[in-house]
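Asks:
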Amino acid sequence: MNTLSYNQDSLAVVGMQWGDEGKGKVVDLLASEFDAIVRYNGGANAGHSVVVNGKRFALHLVPSGVLREGCDSIIANGVVVDPEQLLREIDGLTAEGVDCSRVLVSSRAHVVMPYHKAEDAARERALADSLGSKAVGTTGRGIGPAYAEKVQRASAVRIGDLLIPDLLRERVRAALAFKRPMLERWAPDATYALDEESLIEIALGWGDKLKNRVIDSTIQLHDHLEQGRKLLFEGANATLLDVDHGTYPFVTSSSASALGIAPGSGVPASVVGRIIGIAKAYQTRVGAGPMPTELTDATGDQIRERGREFGTTTGRPRRIGWLDLVALRYSARINGVTEIALTLLDVLSGFDELKVCTAYEIGGERTIDFDPAAASLDAVRPVYESLPGFDEEITGARSFGDLPSEARAYIDRVQSFVGVPISIVGVGPDREQTILVEHEAGVGSIG
Ligand code: IMP
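Here the sequence shown stands for residues 1032 to 1478, numbered as in the working numbering.
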């Protein structure tokens, strides 16, 4: 009997906080060692920028490895794809001479239809304005409604359906039967999203443009593995936004931790031997929801300005906080993180003191356990440890030894608390502004 014997050389890169940790840069840094970069969750709610010929592109769906020649960029089954957005990104990159011929999309990935975007906006508006409830603060990209449609099954459109007109019509008609009364009530302006004929025409046009990129990504990924090739799984959004393990209900609608890799790609988790968790040296969040270490003062403003913390997808100013080690330890556990890339450390220079949250106080008791339910987190008081700050700009540091002793102590404190080595430190946006940390004597004894 044959037994599968894939090696475990594949890698996952996942966000450990509420997103925007700088995953794109780390993926880009490592992509050349891999044969395929795989998106397995989320949709156009994710965002990272790449610079081509001096022009900055905000990419939302095309995997970050697209700039590396010879690498497959695979959008696997767990992603919800807005074809219009995907085609726009491919066209923009192609016009700048980037080879997009290996951007491939699973026939089983779900399609974000115009009515999903209309519903996303309508629900948010209704929650905040009419229902006296808190909106989630979504990116408005139709993510939640598209995943809901997927789980509801018969009315969902998958990428492969864009190539089968009869099936497509059946699905869209079923979806509209439910969407029409709802959107007429909550989004009376969204008539464009309810016109069956024009929706079919648009969707068939997408199918025509995408048809040469549509594959069975599960087969493709297993073929790669069988040939001994290595995959890099690029997590979108982040662990604290994971629909099961994040700060529910203020989360996204997919498995945004490493736990989503298997269902989102059809590849068993056991092939992923290395999981790099990306964490900012401080905390940010876009949208609503609990954030125990949030800073609403001048320190927060200073970090926001230094870190240019405005959303790639929506342009919204991000909420800022001190690094929450309680949350980070939780994320490390959920993902099985084998190493951490600590990004944007350069943003923290210029402060007399740096704080990290090392416990939560709740009802007079201290805990280091993280209960992600939003209602529980709202009730916690962060307990801080104060560390000395550093004044020097560190954007030119290229080795651990180049960093001021206070910055090294900060890194050391993070890894000793979380119990996972920090192998990469980001000190600026460019690929070269990266320190690779050698670990010879284990956690807590770098440098
Ligand atoms: P949705 O994913 O658009 O439904 O938004 C749900 C929540 O997740 C909102 O608070 C968004 O701001 C947040 N979110 C989703 N994707 C990202 C991301 O890639 N970075 C940061 N926040 C995100």
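Ideal Cβ placement from N, Cα and C applies to all residues, glycine included.
Give me the Cα-Cα distance between Arg1491 and Ala1438, rounded to the nearest whole angstrom.
Replies: One cannot answer for residue 1491 here, as it falls past the ends of the chain, which runs 1032 to 1478.
Asks: DSSP three-state label for Asp1332, please.
Replies: The answer is helix: DSSP assigns Asp1332 an H, G or I state.
Asks: Is Ala1126 near the ligand IMP, judged by its Cβ being under 8 Å from some heavy atom?
Replies: No, since every heavy atom of the ligand IMP falls outside the 8 Å radius drawn around the Cβ of Ala1126.
Asks: Assuming contact is defined by CB atoms lying nearer than 9 Å, are Val1368 and Gly1308 in contact in what I supplied?
Replies: It is a contact, given that the beta carbons lie within the stated cut-off.
Asks: Mind listing, in chain order, the continuous beta strand (DSSP E) runs of no fewer than 3 residues lying wholly within the region 1215-1271?
Replies: List check, beta strand (DSSP E) in window: 1262-1265.
Asks: Could you spell out the range, first to last residue, of the beta strand (DSSP E) harbouring Gly1352?
Replies: Its beta strand (DSSP E) spans residues Arg1350 to Gly1352.
Asks: Any heavy atom of the ligand IMP closer than 8 Å to the CB of Asn1076?
Replies: For the ligand IMP, at least one heavy atom lies less than 8 Å from the Cβ of Asn1076.
Asks: How about Glu1232 and Ala1206: do their beta carbons lie closer than 9 Å?
Replies: Cβ atoms of Glu1232 and Ala1206: not closer than 9 Å.
Asks: I need the boundaries of the beta strand (DSSP E) containing Gly1308, first residue and last residue.
Replies: Unbroken beta strand (DSSP E) run through Gly1308: Val1303 to Lys1311.
Asks: Measure from the alpha carbon of Gly1394 to the alpha carbon of each residue in Arg1412, Asp1402 and Thr1345, then state which is nearest.
Replies: Gly1394 has its Cα closest to that of Arg1412, out of Arg1412, Asp1402 and Thr1345.
Asks: Just checking Gly1395 against the ligand IMP - is the residue's beta carbon closer than 8 Å to any of the ligand's heavy atoms?
Replies: Not under cutoff, so the answer is no.
Asks: Compute every distance between the C-beta of Phe1448 and the non-hydrogen atoms of the ligand IMP, then say whether any falls below 8 Å.
Replies: Phe1448: no, Cβ never under 8 Å from the ligand IMP.
Asks: Nearest CA to the CA of Ile1195: which residue from Val1182, Trp1237 and Ile1306?
Replies: Closest option to Ile1195, Cα to Cα, is Trp1237.
Asks: Count the other CB atoms, across all protein chains shown, that sit within 10 Å of the CB of Ile1250; report buried if there are 16 or more and exposed otherwise.
Replies: Classification for Ile1250: exposed.
Asks: In terms of residues, what are the limits of the alpha helix (DSSP H) holding Val1057?
Replies: Start and end: Lys1054 to Leu1061.
Asks: Name, in chain order, the residues that DSSP records as bridge partners for Asp1103.
Replies: Answer is Ala1067, bridged to Asp1103.
Asks: Is Val1143 closer than 9 Å to Val1112 when the C-beta atoms are compared?
Replies: A contact, by the Cβ cut-off of 9 Å.
Asks: Kindly confirm or deny that the region 1259-1272 and the region 1040-1047 touch, where touching means at least three C-beta pairs closer than 8 Å.
Replies: Contact between the region 1259-1272 and the region 1040-1047 is present, because at least three Cβ pairs lie under 8 Å.
Asks: Given a threshold of 16 other Cβ atoms within 10 Å of its Cβ, counted over all protein chains shown, does Gly1427 qualify as buried or as exposed?
Replies: Exposed, since its Cβ has fewer than 16 Cβ neighbours within 10 Å.
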